[in-house]
């Protein structure tokens with residue numbers, strides 16, 4: 061049973077707690093920036109620490125393809141590889157292989173959206189044809205799901221790989237992550253209720269297999285991070301089970317109960333739909349699971365989501381929003397500078413109105429970027445595709461969200477959560 | 061007359077000195093990293109200071125096109141714009157407009173080489189046709205040189221601009237640079253001796269016009285950097301005249317004498333050809349100019365060039381090599397780790413032999429990158445096109461060169477310059 065999580069304060073359902081890991085204690089609620097390939101884009105470990113980042117999330121799927129898990133293990137684990145001595149979370153890879161399969165078939169795969177590639181072009185790029193593609197429908201589907209696991213083709217070169225619950229957990233443990241996630245199947249918003257039921261049943265069976273693998277003694281070669289202590293006491297890693305069920309209450313409740321029965325930590329996955337639906341889903345799940353287990357909302361983390369999630373008792377978030385938004389010129393501003401839900405609390409720095417703006421991105425912000433550089437300079441760097449733009453912009457966005465969550469923790473402690481929320485969400 | 065430069069030590073012709081500017085004293089010899097658009101690619105002011113960078117060079121041509129000089133002036137000058145309170149040097153723009161003209165015609169323009177664009181494609185991109193191009197030869201020529209100055213088309217959008225000696229100096233003073241360069245014409249390696257003579261005669265007339273403009277009282281609006289003191293005493297800026305003359309001794313000598321007669325600081329421009337030719341040219345010039353004036357070798361700065369230039373009495377270098385090399389995976393290593401002239405003192409980090417290499421880029425190097433990250437990690441970041449790669453790699457390369465020049469200064473002071481040179485150049 062998990063003993064490393066402790067709730068310290070509550071304000072309504074919002075809670076402040078701390079989670080003990082091998083690489084330090086994480087204050088909750090917390091936002092985990094995403095470092096897909098073992099680096100948070102444009103931020104080194106030193107900048108992350110200066111910002112106050114407590115933990116980063118790396119992607120199992122991406123790291124297994126590049127540079128490969130055995131290599132990272134050989135080099136001493138992911139902490140040492142990326143020179144980061146604070147906690148790391150890895151995901152199961154389930155979402156990414158989902159993106160290669162049914163999501164691509166249904167036209168809502170991030171792989172396609174992000175690359176802005178037409179299915180045909182993508183298919184061509186990966187040399188997918190009737191002979192070697194795993195599926196021959198007109199939209200390329202790069203995975204095949206069986207009871208055993210998922211066979212998929214790399215989005216990089218079309219090479220074939222297999223992820224099973226056992227393999228996913230083995231990888232996440234070899235990487236040396238502090239928080240890991242049980243391997244899960246994913247529903248699509250276009251699936252019927254019956255299909256989603258079948259999917260969560262598979263997630264349940266995979267969850268139990270993930271647990272069995274997790275409870276095996278751990279043998280990691282050449283591992284310098286974490287400590288020797290870690291090698292023998294594998295339970296110092298914490299594994300999340302994932303609640304699925306689409307937007308169906310009975311399915312979410314069933315999945316929540318199963319996850320709570322079997323896992324020490326609760327992740328909520330497979331979320332789609334509008335903010336109201338998201339609120340409902342979180343509500344259905346949080347009322348079903350134990351109070352004393354950490355709860356992670358997977359892949360979600362816009363400003364509004366943070367307030368709504370924390371209000372309902374969510375402890376952890378991860379999302380590419382701050383880093384990706386920065387790269388595309390979307391920079392966070394607080395309500396006093398015009399930030400609101402309608403503009404996602406952002407300005408678009410590339411707009412011509414900022415061409416001679418001497419103000420920092422978010423006047424009053426204490427980040428290194430805002431203390432030293434003007435909107436005019438940031439706009440110039442962005443328009444000129446200067447690399448420094450990414451560093452300064454990403455620094456600001458990650459600081460903004462990290463600092464916001466710090467303020468939320470303080471507000472909960474002071475029983476002023478709703479007051480703070482009302483300043484942001486009208 | 062220039063009084064801010066003082067030679068402190070000599071070892072043969074190599075010299076250690078200091079140059080006083082409005083934004084601080086620069087120890088010489090020194091290497092000036094290039095921040096073309098008002099940012100050294102992938103390094104912020106804080107990182108530059110940590111590395112020990114004393115001065116950066118920004119490009120007049122690029123800044124006048126983007127974001128525009130009037131804007132930078134309005135925002136308080138270049139120092140404030142880029143949040144850099146140490147010295148800045150700007151160039152005259154002469155070399156860049158040269159690249160748009162005869163260099164392009166002769167097929168040795170950096171604009172073409174860098175973009176890897178065929179002349180036809182480039183012409184098409186800038187909508188250059190017989191009607192609006194400044195020249196209608198088959199290779200597009202984007203400038204037209206007259207006695208008055210250069211009319212040129214922007215490499216960005218084809219828009220027309222004019223640079224004259226007066227305009228170049230006005231821009232450089234509006235930017236608030238500490239060290240500036242007189243406007244000069246450039247020879248091509250394919251020019252005849254007669255053509256080069258005509259070119260240096262034009263450079264001489266432009267040099268005198270640059271001086272006249274430089275000696276006019278300065279009016280800069282809204283300038284917060286440099287100080288008020290600067291506004292009234294314009295001579296606190298230092299202007300280099302530029303020595304040209306190709307690889308002809310008599311022309312170089314003539315140009316050197318003219319420059320020494322009229323200017324307080326000597327820049328050597330228009331250098332091409334092999335290392336031996338470069339050595340000769342430097343020798344012809346340095347023997348002709350006053351001992352007590354700073355000497356800058358424009359656009360040159362590989363490891364071998366630093367040793368050879370400093371040995372002949374050069375005080376300043378600028379070059380995109382460390383920053384550009386970093387971006388393309390070419391990282392500096394010292395002789396004890398295999399660095400030599402044959403490999404330009406670099407390794408190519410993308411080579412597969414580094415895939416599992418736990419060592420830092422240059423074992424023994426004291427930079428933040430080498431103290432924290434392995435070659436394997438750098439290679440992974442580079443292969444995955446992670447932005448963090450550029451930050452870490454550029455940090456190392458600029459540190460390597462900056463640290464090398466610091467060691468050279470020490471060696472000169474200790475009368476051990478040749479000993480250090482022999483460790484590098486066999």
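Chains as they are written, first to last, in my numbering: chain A, 61 to 486; chain B, 61 to 486. Beta carbons: idealized from backbone N, C-alpha and C, even for Gly. Bear in mind that the values here come from a model prediction, so they are computed numbers and not experimental data.
{"Query": "Members of the segment 136 to 152 of chain B near chain A, C-beta cut-off 9 Å", "Result": "136, 140, 141, 142, 143"}
{"Query": "Cutoff 7 Å: residue 473 of chain A Cβ touching any chain B Cβ", "Result": "no"}
{"Query": "Where the segment 82 to 112 of chain A meets chain B: residues whose CB sits under 8 Å from a CB there", "Result": "97, 98, 99, 100, 101, 102, 103, 104, 105, 106"}
{"Query": "Cβ neighbour criterion (16 or more within 10 Å) applied to residue 402 of chain B", "Result": "exposed"}
{"Query": "Alpha carbon of residue 74 of chain B to alpha carbon of residue 367 of chain B, nearest angstrom", "Result": "9 Å"}
{"Query": "Where residue 300 of chain B sits in the DSSP three-state scheme", "Result": "strand"}
{"Query": "Buried/exposed call for residue 361 of chain A, threshold 16 Cβ in 10 Å", "Result": "buried"}
{"Query": "Which listed residue (B:453, B:447, B:449, B:411) has its alpha carbon closest to that of residue 422 of chain B", "Result": "B:453"}
{"Query": "Residue 426 of chain B versus residue 462 of chain B - alpha carbon distance", "Result": "12 Å"}
{"Query": "Residue 458 of chain B versus residue 211 of chain B: straight-line alpha-carbon distance, rounded", "Result": "35 Å"}
{"Query": "Three-state secondary structure (DSSP) of residue 308 of chain A", "Result": "coil"}
{"Query": "Cross-chain neighbours of residue 446 of chain B in chain A, by beta carbon under 8 Å", "Result": "97, 99, 101"}
{"Query": "Three-state secondary structure assigned by DSSP to residue 119 of chain A", "Result": "coil"}
{"Query": "Status (buried if at least 16 other CB within 10 Å, exposed otherwise) for residue 431 of chain A", "Result": "exposed"}
{"Query": "Interface partners of residue 436 of chain A on chain B, CB under 8 Å", "Result": "127, 131, 135, 141"}
{"Query": "Cβ shell of residue 228 of chain A (< 6 Å), same chain only, five flanking positions each side left out", "Result": "152, 153, 243"}
{"Query": "Where residue 451 of chain A meets chain B, residues with beta-carbon distance less than 8 Å", "Result": "102, 104, 447, 451"}
{"Query": "Test item: CB-CB of residue 465 of chain A and residue 91 of chain A under 7 Å", "Result": "yes"}
{"Query": "Under 8 Å by beta carbon: chain A residues contacting residue 416 of chain B", "Result": "131, 134, 135"}
{"Query": "Other residues of its chain near residue 418 of chain A: CB distance less than 6 Å, five sequence neighbours each side excluded", "Result": "434"}
{"Query": "Identified DSSP bridge partners for residue 376 of chain A", "Result": "A:90, A:356"}
{"Query": "Bridge-paired residues (DSSP) for residue 406 of chain A", "Result": "A:392"}
{"Query": "CA-to-CA distance, residue 469 of chain B to residue 475 of chain B, given in whole angstroms", "Result": "10 Å"}
{"Query": "C-beta neighbour in chain B for residue 433 of chain A, strict 7 Å", "Result": "yes"}
{"Query": "7 Å Cβ cutoff met for residue 354 of chain A and residue 65 of chain A", "Result": "yes"}
{"Query": "Interface flag, residue 456 of chain B vs chain A, CB-CB below 7 Å", "Result": "no"}
{"Query": "CA-to-CA distance, residue 102 of chain B to residue 442 of chain B, given in whole angstroms", "Result": "14 Å"}
{"Query": "Chain-ordered chain B contacts of residue 441 of chain A [CB-CB under 7 Å]", "Result": "99"}
{"Query": "Whole-angstrom C-beta distance between residue 79 of chain B and residue 236 of chain B, which should lie under 8 Å", "Result": "No, residue 236 of chain B and residue 79 of chain B are not in contact; Cβ-Cβ is about 17 Å, not under 8 Å."}
{"Query": "Contact under 7 Å by Cβ, residue 394 of chain B with residue 408 of chain B", "Result": "no"}
{"Query": "Reference residue 343 of chain B, options B:319, B:374, B:405, closest by Cα", "Result": "B:374"}
{"Query": "Exposure of residue 385 of chain B, with buried meaning 16 or more beta-carbon neighbours within 10 Å", "Result": "buried"}
{"Query": "Cβ pair residue 300 of chain B, residue 325 of chain B closer than 7 Å", "Result": "yes"}
{"Query": "Cβ neighbour criterion (16 or more within 10 Å) applied to residue 191 of chain B", "Result": "Residue placement at residue 191 of chain B is flagged as unreliable, the pLDDT there being 47, under the threshold of 50; the coordinate-derived value follows with that caveat. So residue 191 of chain B counts as exposed."}
{"Query": "Residue(s) in a DSSP beta bridge with residue 325 of chain A", "Result": "A:300"}
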